[in-house]
Amino acid sequence: MDDAAATHLTETTKEKLRQTVGKIERLEEEKKEVAEQIKEVYAEAKAFGFDVKALRQVIRLRKVDKADREEQEMMLELYLLATGDA
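Oh and the sequence shown: position 36 is 36 in UniProt numbering, straight run, nothing missing.
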């Protein structure tokens, strides 16, 4: 965007843009903080003796609809059988 285009923005539009950028920056910071908290919870789980890799898989699977998950598992089983790995 050149200077001529920027001068065509109204003050209201410029302020809305600044607010939007500020909001995104705040949310990115919150996301970073939440990610750190999740990392700490996984560390606690590991300290309790839980298998973190399995725990991550459980979390991932719980996000998937049960019917979709069952379909994925059936497809995986079929592929494993077809490749002789089951």
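The beta-carbon is built from N, C-alpha and C at its ideal position, and this holds for glycine as well. Bear in mind that the values here come from a model prediction, so they are computed numbers and not experimental data.
Which residues mark the beginning and the end of the alpha helix (DSSP H) in which Asp68 is found? Run containing Asp68: Lys66 to Ala82, per the alpha helix (DSSP H) assignment.
Does the beta-carbon distance from Leu17 to Leu9 come in below 9 Å? Taking C-beta atoms as the reference points, Leu17 and Leu9 count as a pair closer than 9 Å.
Reduced DSSP secondary structure (H/G/I, E/B, other) of Ala43: helix
Taking the straight line between their C-alpha atoms, what separation do you get for Glu33 and Leu81? 43 Å
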